[in-house]
Amino acid sequence: MNPLTPSDSSNRRLLVTSALPYANGSIHLGHLVEYIQTDIWVRFHKLMGRECLYVCADDTHGTPIMIRAQREGIPPEELVARMRTEHQRDFAGFNIGFDNYHSTHSPENRALAEEIYLRLRQDGHIRTASVRQAYCEKDGMFLPDRFIRGICPSCGAADQYGDACESCSATYAPTDLKEARCAVCGSSPVARDSDHFFFKLADFETFLKYWIRSGAIQEQMANKLDEWFLAGLKDWDISRDGPYFGFEIPDAPNKFFYVWLDAPIGYMASTRHLCDRTGRDFDEIWRRDDRFEVHHFIGKDIYYFHTLFWPAMLHGAGFRLPTAVHAHGFLTINGQKMSKSRGSFLNARSYLDHLDPEYLRYYYAAKLSSRVEDLDLNLEDFTSRVNSDMVGKVVNIASRTAGFLRNRFGGKLAPVYPEDGGLFDRFVAHGEEIARHYEEREFGKAMGAVMRLAEEANRYVEQQSPWELAKKEGAEAALQASCSVALNLFKVLMTYLKPVLPAMADKVEAFLNVPPLSWENRVAPLADHEIGEFKHLMARVDPKKIEAMLTAARGESPPPPPAPAAAPATQTKGAAKSVEKVKTADSGAAKSAPAAAESHPGGGEIEIPQFSQVDLRVARIVAAESVEGADKLLKLTLDVGALGTRTVFAGIKSAYAPDALAGRLTVVVANLKPRKMKFGLSEGMVLAASGEGVGGLFLLQPDAGAEPGMRIK
RNA sequence: GGCGAGGUAGCUCAGCAGGUUAGAGCGGUGGACUCAUAAUCCUCAGGUCGGGAGUUCGAGUCUCCCCCUCGCUACCA
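Have a look at this one:
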């Protein structure tokens, strides 16, 4: 038997977690893949009558939180509290049913982090070493790589992070960066030594090698981990110098636990909080492994924290190990990675403002498997799938038969469950297969099985033709019988869908006038029973609302303007590629076919507000010079009046000599997102005309009298 | 550059211990019906299974090479 699917025993007890969302950002649809996946799994186990505890918490520590709080002028505790409220509200909106939601900035977490650390230290798994790091004297703090910006030592690109160049992909130490600056205050950092604490991961190599092949993690993940073993396990730096928002390390003043040290411990802290609240025994869950299963659901991006550090920490500190770590892939939207700049970054809140959460729960369920695969949210597919499966197939069974029972029989089902040729029993029997799919996290297969049954139920109604029976004299019993059968089939299906659609299940329970549906009680058909009034169980997805959601999302972070025809044709290869992606994403989000939109980048109508998003300005070319190493680019220095001076790299060298440009006026896209190019930062785009197959490039120029900085509209 | 995942009908995906005419849902076509949220039921629609080579009596299904997409990573976890 697959170790990931423990044998079914009715007295299974489980603790289940989703990864802790970071308190620095909002919940988005990508996060929700995981929370919905976990929630469905948890609800399934509860539906089966098992004890299943679902805990989570906000992940609150680290430099990004500290700095953001500073910028907002509030204490980090306040920021963290606010984000937690927001997160919990979003989760509630999607019916994520945590049994406990806590915070890593909690006394429980501090106590457990200290306990684990001290235990590891006592057993010799912690060592100290001096580390040289960038230090900002003005801010009085060490700077993580991401908080250092400077010029890439390899290619000279400006404004790069301290660890790697986004322009040329070079990697380096922060100390190699030219003209390094603190990302917070802009001053130059200095190198400074400091003692750090390291967790000696290599002490656990043998144990880990065994554990990752024990069936606790997916094979794909285990394969990837082999790479790390091959490279050799390195000690893990678990301390940070103050100021740092986190927990101070025992016996080490002004040293704090690195955020990733105490984050997974948050699973335990939340458990403890739950136990204290409900009188359960924490030790029974986390200090021994024969009472509870412990399952972590995570994204594939954080697998090494959960499959190397985390089990090693637990093992070293004398706690139990997770029963399993389940990783899922990333979300794409219309085939593309979610992206703020492409306007496809959908927050949980934006979705909830326009659409029913149950749509998304079903759609994700229909596409989720146990494998580590990315999941694509294709919005057209989303609409047709939800509408046809949920409304057309499932809800329809009830909606087409409830009326007869209500109008002709006062809502009464047949006094005895009618002869149905074994249909009901087969529906019940399919529960075993569906349960197995749920258990194995093959939700897509589970949904497929349910839909096949829904089709069968509709076929049954078709064959019985209650609307014919309703017209026939003396066919009352047959009419009542066929509708009773259909509704009983519907009830079984809703039981199967309850983990995915808790809100609809509630409505159905009210409609059928029955106690909460459970896996066990699905076997008993309803007879001699009065149902309630049938009301709409689910509205169809309205494509207009999807459009509204996308528009709103774009409004939150305006995308680059639609590619003007005169975009400089010469950019680096990588940059050109990015521009194309932007186009594809935009056309994909619109209702026109992507292929058609791509072949006519200028096609498709837009509204004035969209056009107004492009800030076109008159600019005077103050200076123009050729760029060393670039054969098509000219570096232009532009005077844009009140907007100041801009540097723009334009691909017009083939048509203009630098000397001929100085002093003349032209048009610039002033709000184009600055693009890092190999030769420096380009802060806009000048407009020029060019024709397909026709040579030449013609820079736009306003009539005499225009002044630099004037808005063009 | 390294590693991982993937490229199957218009769309979303199954299939893969190699074996009869490659499947499903949606969309599309034609028909039926009118109870139902223009839902449902029946029928049809024929995609060189990314390209090439190989193994085999026989390959989406195995091997090798190549192309493309996505992601991670780049002696820094």
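Residues in the first sequence are numbered consecutively from 29, following the working numbering. All C-beta atoms in this analysis are idealised placements derived from N, C-alpha and C, irrespective of residue type, glycine included. No experiment lies behind these values; they were computed from the predicted model shown.
For residue i, count neighbouring Cβ atoms within 10 angstroms of its own Cβ and tell me buried if that reaches 16, exposed if not.
{"i": "L497", "result": "buried"}
{"i": "A617", "result": "Unreliable positioning characterises A617 in this predicted model, as indicated by a pLDDT of 23, which lies under 50. A coordinate reading is not provided."}
{"i": "P278", "result": "exposed"}
{"i": "L12", "result": "Nothing about residue 12 can be reported from this structure: the residues present for the chain run from 29 to 741 only."}
{"i": "A732", "result": "exposed"}
{"i": "V322", "result": "buried"}
{"i": "F257", "result": "exposed"}
{"i": "P494", "result": "buried"}
{"i": "E653", "result": "exposed"}
{"i": "Q150", "result": "exposed"}
{"i": "T45", "result": "buried"}
{"i": "K395", "result": "buried"}
{"i": "N39", "result": "exposed"}
{"i": "G691", "result": "exposed"}
{"i": "Y238", "result": "exposed"}
{"i": "Q810", "result": "Because residue 810 is not part of the residues shown, which for the chain are 29 to 741, the question remains open."}
{"i": "G6", "result": "The requested residue 6 does not occur in the structure, where the chain is confined to residues 29 to 741."}
{"i": "D448", "result": "buried"}
{"i": "T335", "result": "buried"}
{"i": "S510", "result": "buried"}
{"i": "G327", "result": "buried"}
{"i": "K619", "result": "Note on K619: pLDDT 21, under 50, position unreliable in the model; the coordinate value appears next. Exposed, by the Cβ-count rule."}
Going by DSSP, what residues sit across from residue i in a beta bridge?
{"i": "A157", "result": "H224"}
{"i": "Y82", "result": "V44"}
{"i": "D87", "result": "Y50"}
{"i": "W547", "result": "In DSSP, W547 forms no bridge with anything."}
{"i": "M169", "result": "C164"}
{"i": "T673", "result": "D667"}
{"i": "D404", "result": "T360"}
{"i": "Q188", "result": "G178"}
{"i": "E62", "result": "Answer by DSSP bridge pairing: none, since E62 is not bridged."}
{"i": "L644", "result": "V697 and I740"}
{"i": "S267", "result": "F285"}
{"i": "G327", "result": "H356"}
{"i": "K421", "result": "Answer is none; K421 lacks a bridge partner."}
{"i": "S131", "result": "D86"}
Assuming residue i and residue j form a contact by the criterion Cβ under 8 Å, report the distance between their Cβ atoms to the nearest whole angstrom.
{"i": "T17", "j": "F325", "result": "No answer is possible for residue 17: the residues shown for the chain start at 29 and end at 741."}
{"i": "L562", "j": "R434", "result": "Leu is not the amino acid found at residue 562; the sequence shown has Phe there. About 7 Å; that satisfies the 8 Å criterion."}
{"i": "P385", "j": "G152", "result": "About 50 Å; that fails the 8 Å criterion."}
{"i": "L545", "j": "M522", "result": "6 Å"}
{"i": "L666", "j": "I649", "result": "6 Å"}
{"i": "N137", "j": "G270", "result": "Actually they are not in contact, since the Cβ atoms of N137 and G270 sit about 18 Å apart, beyond 8 Å."}
{"i": "E94", "j": "Y272", "result": "Just to set this straight, residue 94 is Met in the shown sequence, not Glu. That pair is a contact at about 7 Å."}
{"i": "D118", "j": "I55", "result": "4 Å"}
{"i": "C213", "j": "C164", "result": "7 Å"}
{"i": "T234", "j": "P172", "result": "32 Å between Cβ atoms; not a contact."}
{"i": "Q758", "j": "R174", "result": "Only positions 29 to 741 of the chain appear in this structure, which leaves residue 758 out of reach."}
{"i": "A345", "j": "L148", "result": "6 Å"}
{"i": "L451", "j": "V542", "result": "Rounded, the Cβ-Cβ distance is 20 Å, inconsistent with contact."}
I'd like to know whether the C-beta atoms of residue i and residue j end up nearer to each other than 8 Å.
{"i": "P350", "j": "L236", "result": "no"}
{"i": "V83", "j": "L140", "result": "no"}
{"i": "L515", "j": "A426", "result": "yes"}
{"i": "W314", "j": "T299", "result": "yes"}
{"i": "T694", "j": "A647", "result": "yes"}
{"i": "D87", "j": "A393", "result": "no"}
{"i": "G77", "j": "E408", "result": "no"}
{"i": "G669", "j": "P736", "result": "yes"}
{"i": "T429", "j": "V520", "result": "no"}
{"i": "R645", "j": "M713", "result": "no"}
{"i": "D127", "j": "L60", "result": "no"}
{"i": "F358", "j": "G58", "result": "yes"}
{"i": "A297", "j": "T411", "result": "no"}
{"i": "K166", "j": "C210", "result": "yes"}
{"i": "A391", "j": "V422", "result": "Before going further, note that residue 391 is Tyr rather than Ala in the sequence given. No, the pair does not count as a contact, with Cβ atoms beyond the cut-off."}
| message | Below 8 Å, how does it come out for the region 428 to 443 and the region 371 to 381: are there three or more Cβ pairs, yes or no? | response | no
| said: Tell me whether the region 102 to 120 and the region 264 to 271 touch, counting them as touching only if at least three CB pairs, one residue from each stretch, are closer than 8 Å. | reply: no
| query | Taking contact to mean at least 3 C-beta pairs separated by less than 8 Å, is the region 238 to 256 in contact with the region 111 to 128? | reply | no
| request: Please determine if the region 477 to 496 and the region 404 to 411 are in contact, where contact requires at least 3 C-beta pairs separated by less than 8 Å. | output: no
| said: With three or more beta-carbon pairs closer than 8 Å as the criterion, would you say the region 147 to 163 touches the region 218 to 227? | reply: yes
| Touching or not, the region 566 to 575 and the region 410 to 428, by the rule of three or more beta carbon pairs under 8 Å? | yes
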